[in-house]
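Residue numbers (our numbering), protein chains in the order written: chain H, 135 to 339; chain P, 537 to 641; chain C, 30 to 652. Quick reminder that beta carbons are idealized off the backbone N, C-alpha and C, glycines included. For reference, the structure discussed in these notes is given below.
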Amino acid sequence: MSAHQHAEGQLPHEPEKATLEGRNKVLGFWIFLGAETVLFGTLFSAFIALRHQVLDGPTAQHLFELPMVFASTMILLTSSLMSVFAVQAMHNNKVKAMIGWLLITILLGLAFLGLEITEFNTYVKEGHTLKTSAFSSSFYTLVGFHGAHVAFGVLWIGLLIAQILKKGLTVVTAPKIYLSAIYWHFIDVVWVFIFTVVYLMGKVG
Amino acid sequence: MSSNHSASGEETKRHKVEGPRKHIVAFVMSLALTIIAFAAVAAGEINTTFTYIILVGMAIIQVFIQMAFWMHMKDRGHLFPKIAIFTGVLVVFSAVITALYWVWW
Amino acid sequence: MSTQAAQTAHDAHTHTHTVKRYRGLLDWLTTVDHKKIGILYMIAGLFFFVVGGLEAILIRIQLLKPMNDFVSADTYNELLTMHGTTMIFFAAMPLLFALMNAVIPLQIGARDVAFPFLNSLGFWTFFAGGVLMNIGWFNGTVPDSGWTAYAPLSGPTFNGTHGMDYYVIGLQIAGIGTLLGGINFMATIINMRAPGMSFMRMPIFTWSIFITSVLIVFAFPVLTVGLVALMFDRLFQANFFEPGTGGNTVLWEHIFWIFGHPEVYILIMPAFGVISEVVSTFSRKRLFGYSSMVFALVLIAFLSFMVWAHHMFATGLGPVANALFSIGTMLIAVPTGVKIFNWLFTLWGGSIRFTTAMLFAVGFIPTFVMGGVTGVMLASAPADYQYHDTYFVVAHFHYVIVGGMVLGIFAGLHYWWPKMFGRMLNEGLGKLTFWTFFLGFHLTFFVQHFLGLLGMPRRVWTYLPNQGLDTMNVISSIGAFLMGFGMIVFVVNIIITWIRPRNAAADAWEDGRSMEWSIPSPPPEYNFKQTPLVRSYDAWWKEKMDGKTEMTPAEPVGPIHMPSPSILPLLMSVGLFIAGFGFMYDHLVLSIGGLAITFACMLLRSVFDDRGFHIDPEEEVHA
Numbered sequence: 135m136s137a138h139q140h141a142e143g144q145l146p147h148e149p150e151k152a153t154l155e156g157r158n159k160v161l162g163f164w165i166f167l168g169a170e171t172v173l174f175g176t177l178f179s180a181f182i183a184l185r186h187q188v189l190d191g192p193t194a195q196h197l198f199e200l201p202m203v204f205a206s207t208m209i210l211l212t213s214s215l216m217s218v219f220a221v222q223a224m225h226n227n228k229v230k231a232m233i234g235w236l237l238i239t240i241l242l243g244l245a246f247l248g249l250e251i252t253e254f255n256t257y258v259k260e261g262h263t264l265k266t267s268a269f270s271s272s273f274y275t276l277v278g279f280h281g282a283h284v285a286f287g288v289l290w291i292g293l294l295i296a297q298i299l300k301k302g303l304t305v306v307t308a309p310k311i312y313l314s315a316i317y318w319h320f321i322d323v324v325w326v327f328i329f330t331v332v333y334l335m336g337k338v339g
Numbered sequence: 537m538s539s540n541h542s543a544s545g546e547e548t549k550r551h552k553v554e555g556p557r558k559h560i561v562a563f564v565m566s567l568a569l570t571i572i573a574f575a576a577v578a579a580g581e582i583n584t585t586f587t588y589i590i591l592v593g594m595a596i597i598q599v600f601i602q603m604a605f606w607m608h609m610k611d612r613g614h615l616f617p618k619i620a621i622f623t624g625v626l627v628v629f630s631a632v633i634t635a636l637y638w639v640w641w
Numbered sequence: 030m031s032t033q034a035a036q037t038a039h040d041a042h043t044h045t046h047t048v049k050r051y052r053g054l055l056d057w058l059t060t061v062d063h064k065k066i067g068i069l070y071m072i073a074g075l076f077f078f079v080v081g082g083l084e085a086i087l088i089r090i091q092l093l094k095p096m097n098d099f100v101s102a103d104t105y106n107e108l109l110t111m112h113g114t115t116m117i118f119f120a121a122m123p124l125l126f127a128l129m130n131a132v133i134p135l136q137i138g139a140r141d142v143a144f145p146f147l148n149s150l151g152f153w154t155f156f157a158g159g160v161l162m163n164i165g166w167f168n169g170t171v172p173d174s175g176w177t178a179y180a181p182l183s184g185p186t187f188n189g190t191h192g193m194d195y196y197v198i199g200l201q202i203a204g205i206g207t208l209l210g211g212i213n214f215m216a217t218i219i220n221m222r223a224p225g226m227s228f229m230r231m232p233i234f235t236w237s238i239f240i241t242s243v244l245i246v247f248a249f250p251v252l253t254v255g256l257v258a259l260m261f262d263r264l265f266q267a268n269f270f271e272p273g274t275g276g277n278t279v280l281w282e283h284i285f286w287i288f289g290h291p292e293v294y295i296l297i298m299p300a301f302g303v304i305s306e307v308v309s310t311f312s313r314k315r316l317f318g319y320s321s322m323v324f325a326l327v328l329i330a331f332l333s334f335m336v337w338a339h340h341m342f343a344t345g346l347g348p349v350a351n352a353l354f355s356i357g358t359m360l361i362a363v364p365t366g367v368k369i370f371n372w373l374f375t376l377w378g379g380s381i382r383f384t385t386a387m388l389f390a391v392g393f394i395p396t397f398v399m400g401g402v403t404g405v406m407l408a409s410a411p412a413d414y415q416y417h418d419t420y421f422v423v424a425h426f427h428y429v430i431v432g433g434m435v436l437g438i439f440a441g442l443h444y445w446w447p448k449m450f451g452r453m454l455n456e457g458l459g460k461l462t463f464w465t466f467f468l469g470f471h472l473t474f475f476v477q478h479f480l481g482l483l484g485m486p487r488r489v490w491t492y493l494p495n496q497g498l499d500t501m502n503v504i505s506s507i508g509a510f511l512m513g514f515g516m517i518v519f520v521v522n523i524i525i526t527w528i529r530p531r532n533a534a535a536d537a538w539e540d541g542r543s544m545e546w547s548i549p550s551p552p553p554e555y556n557f558k559q560t561p562l563v564r565s566y567d568a569w570w571k572e573k574m575d576g577k578t579e580m581t582p583a584e585p586v587g588p589i590h591m592p593s594p595s596i597l598p599l600l601m602s603v604g605l606f607i608a609g610f611g612f613m614y615d616h617l618v619l620s621i622g623g624l625a626i627t628f629a630c631m632l633l634r635s636v637f638d639d640r641g642f643h644i645d646p647e648e649e650v651h652a
């Protein structure tokens with residue numbers, strides 16, 4: 135239950151599933167991700183329905199820059215790999231390595247957010263705001279929801295690093311780390327569809 | 537907890553051998569699929585419908601790879617996660633069909 | 030599973046520390062005990078049920094005679110909107126959650142739900158949302174676009190006041206609570222069942238709640254997105270549903286009904302479960318066709334996601350879509366018919382006791398069949414062009430929601446009341462409740478079928494005299510008053526029972542079949558002194574038939590780990606409530622301040638581990 139109870143090396147192999155509380159959390163989080171799938175899916179369908187309603191505003195072909203999107207994609211993909219390394223380090227009970235991987239994860243997450251903010255800034259300057267058209271509204275809502283998830287993930291993982299430093303890796307903190315990693319992969323999975331459906335298909339027309 | 541440890545000691549050893557290799561393979565495959573998708577669009581000379589098919593295909597394969605390896609969905613004890621995600625996908629599927637065919641006419 | 034849990038509990042016991050425990054009001058505000066949260070849900074649900082009922086009475090007074098001017102057209106719009114929204118989201122849903130919380134952990138032999146803290150958070154966010162929406166009445170700006178909030182009527186162009194903002198934000202906040210509840214009960218039923226209770230040994234009410242939770246988890250996010258889009262339209266001039274700037278109003282209809290159709294099944298499924306339990310108990314028979322009942326539940330749930338566009342036949346989706354959704358809708362009659370026949374065969378040859386709960390259950394069956402039959406009529410797309418937007422539709426959905434779900438809830442409340450409160454409700458008053466409510470219901474809504482066929486449109490504040498509508502409207506209004514009287518009798522029954530001392534035995538009806546009847550009424554805080562071992566379907570009945578007086582234990586008696594109470598869920602909901610007003614009135618400080626409270630509470634919850642405390646059942650007995 136607490137840090138002093140499990141000295142280093144005494145944790146079970148998968149500490150996130152060692153207690154009933156931990157197993158409950160993992161299961162509950164997966165159900166939550168099922169709900170998130172529907173949430174993003176509905177945002178996607180709203181975007182797909184409204185994607186051609188650009189009115190006088192700039193079109194998708196005009197707006198989107200492939201190199202920028204590619205850079206964002208690479209950053210998020212790499213950060214997803216970093217967080218899977220963190221979980222692997224946790225399973226091998228290497229706490230320092232785990233914290234290192236987590237730090238790289240959130241740094242990449244911050245880089246992604248920075249790029250997204252720059253991107254949105256450019257769009258606003260080109261006259262593409264939330265109010266411009268149905269296309270712009272659905273675009274900002276979908277991509278913005280994803281961005282908000284990334285921002286929440288960065289804050290969450292940051293808080294977890296602080297907790298690990300304070301409490302150590304225990305059967306209480308381990309499920310949190312595991313779930314934050316699952317969450318982070320899920321965000322990356324959503325991004326795969328965003329760059330495909332929003333950016334690449336938008337570019338094709 | 538201690539009784540638990542000795543029982544799973546064997547398992548722990550077996551797991552420890554498992555390195556980062558499969559995750560790196562998953563990463564490289566995701567990378568390749570992403571590049572194919574971007575290249576298909578950057579080339580810009582392929583017919584639109586065909587490009588769409590390539591894009592969606594690459595995305596679905598990539599998502600399967602990431603879910604199986606990085607989100608551990610291929611591992612044992614992931615029946616309910618699979619049910620949760622695929623039920624969600626079913627609802628999403630009907631919503632997307634709707635958006636494509638039953639919103640404008 | 031459970032031995033390990035017990036071991037963990039024991040480990041923690043070695044360095045336990047005292048947790049502050051509260052008394053009185055603060056106990057109720059901080060509780061994470063599923064039984065107390067169930068009671069909170071019930072009180073809040075009954076309160077909103079009365080509010081929505083009063084709105085219904087006002088509607089029926091207005092329609093008592095032609096060209097009545099009891100309320101204005103605008104007020105009438107507000108009344109019908111608030112009646113629908115309140116009844117569905119703030120009366121029906123919490124009453125279902127009340128039964129879920131009160132019964133599910135007991136039926137599966139668990140000490141609590143999987144996430145007690147989230148359970149409490151779910152209740153308080155629901156309550157904050159309900160209060161926020163109803164505050165509109167005091168503010169003079171009330172939602173008035175119907176519970177479906179069709180765009181563009183609900184959009185900023187045609188609805189410039191703050192009325193619909195209350196709807197959008199109130200529902201959004203309440204929706205968070207409902208979603209949390211759904212996740213919680215899915216996880217609870219999957220992970221927390223007592224040893225020996227396989228899926229096919231679960232009581233049928235537990236099955237129905239499991240399926241209900243699945244529907245909640247996959248339907249509510251759709252509503253969330255719809256409300257976010259409508260909120261962006263209204264507050265930040267986005268263009269999702271604004272035709273003038275490229276938006277599409279049919280998109281709202283789709284989003285609303287992709288959520289909305291599963292939602293009405295969320296309402297009826299638990300009633301199916303309650304009726305199955307009550308019919309089986311008071312026929313003193315095992316439920317007929319248990320596995321086909323489970324299969325029917327799953328099939329209905331699956332189909333419920335595939336039929337939403339039958340609410341939109343008149344939109345003009347075209348013959349292909351209309352035909353598909355028509356057939357899909359009619360298919361639902363098959364699994365529902367399976368359930369009806371199973372109930373009848375359970376009754377067949379049973380030694381039936383007509384308690385109040387049983388009366389409600391037996392009243393439910395034909396009433397629900399009538400609602401189902403009009404449902405199949407409405408499912409036929411060409412005929413629907415005639416029924417659309419008339420009182421025929423109003424009659425149909427009140428037959429399935431009131432005649433189905435509300436009768437089910439009354440049956441459930443009368444049935445489990447002794448388990449929740451340790452007191453038997455008065456059977457005489459209960460039967461009076463049933464007969465007045467049941468007759469009043471049929472008086473109110475049966476004639477509305479014919480009003481609809483005569484062409485009386487729904488949602489219109491009045492009608493002209495001498496069109497053949499006058500008499501039937503009078504009958505309908507009289508029925509509504511009778512239902513109101515039945516409700517008053519129910520409240521009187523609660524009060525009278527409350528004054529008397531506790532009198533309920535553990536197995537209050539003597540014929541209990543599932544495990545909630547094997548423990549005292551009301552149960553101790555930890556429910557089960559020892560986690561029970563489940564040896565068959567109808568676990569408690571099996572033990573009784575084997576001559577036992579209690580369940581076979583699956584663990585030795587030992588200290589029981591309990592989660593600590595917490596005020597954070599209440600504070601988080603207050604934060605969301607404040608932020609809601611901030612968004613509505615464009616007040617940045619309020620919105621950021623409210624969200625800051627909520628996030629600060631989340632931070633506290635994450636940083637400080639909840640170690641809980643321990644109860645030693647043996648010591649309690651001696652004390």
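Return the chain-ordered list of same chain residues with a C-beta closer than 7 Å to the C-beta of residue i, the five sequence neighbours on each side being excluded.
i       : result
M434(C) : A121, L296, I297 and A300
K610(P) : A604
H262(H) : G191, P192, L197 and S270
M594(P) : L569, I572 and A573
P598(C) : F146, S149, L150 and W153
M565(P) : I601
When we look at the beta-carbon of residue i and count the other beta-carbons within 10 Å, is it buried (16 or more) or exposed?
i       : result
I182(H) : buried
G481(C) : buried
R222(C) : buried
H140(H) : Below a pLDDT of 50, predicted positions are generally treated as unreliable, and H140(H), at 43, falls in that range; the measurement from the model is reported next regardless. Buried is the call here.
I596(C) : exposed
W570(C) : buried
Using C-beta distances below 8 Å, list every residue in its chain close to residue i, excluding the 5 sequence neighbours before and after it, in chain order.
i       : result
D103(C) : D173
N268(C) : D262, T274, G275 and G276
Should residue i be flagged as near chain B, meaning a C-beta pair shorter than 7 Å?
i       : result
K259(H) : Of the protein chains in the structure, H, P and C, none is chain B.
Can you tell me where the beta strand (DSSP E) holding residue i begins and where it ends?
i       : result
F642(C) : F642 to I644
I589(C) : I589 to M591
If you compare alpha carbons, which of the options is closest to residue i?
i       : options                               : result
F342(C) : F265(C), G641(C), A408(C) and W166(C) : A408(C)
I619(P) : E271(C), A127(C), I240(C) and L54(C)  : I240(C)
K300(H) : V218(H), I233(H), M335(H) and T239(H) : I233(H)
G457(C) : P486(C), L388(C), M406(C) and M449(C) : L388(C)
Tell me where the alpha helix (DSSP H) around residue i begins and ends.
i       : result
R157(H) : L154 to L184
I218(C) : G192 to N220
S355(C) : P348 to L360
K310(H) : T307 to F327
Excluding sequence positions up to five away, which residues of its chain have a Cβ less than 6 Å from the Cβ of residue i?
i       : result
V93(C)  : The sequence shown places Leu at residue 93(C), not Val. So the qualifying residues of the chain are S506.
M162(C) : Y195 and G199
When you check each C-beta in the segment 268-289 of chain C against every C-beta of chain P, which residues fall closer than 7 Å? N277, V279, L280, H283 and I287
Short-range partners of chain C found in the segment 622-641 of chain P, where Cβ spacing is below 9 Å: T623, G624, L626, V627, S630, A631, T634, A635, Y637, W638, V639, W640 and W641
Of all the residues that make up the segment 620-644 of chain C, which are near chain H by a beta-carbon distance shorter than 8 Å? L632, S635, V636, D638 and R640
Residues of the segment 211-224 of chain H with Cβ closer than 9 Å to any Cβ of chain P, in chain order: L211, T212, S214, L215, S217, V218, F219, V221 and Q222
Chain-ordered residues of the segment 217-238 of chain C with a beta carbon less than 7 Å from chain H: I219 and N220
Just by C-beta distance, which residues in the segment 344-361 of chain C are closer than 8 Å to chain P? G345, L346, G347 and A350
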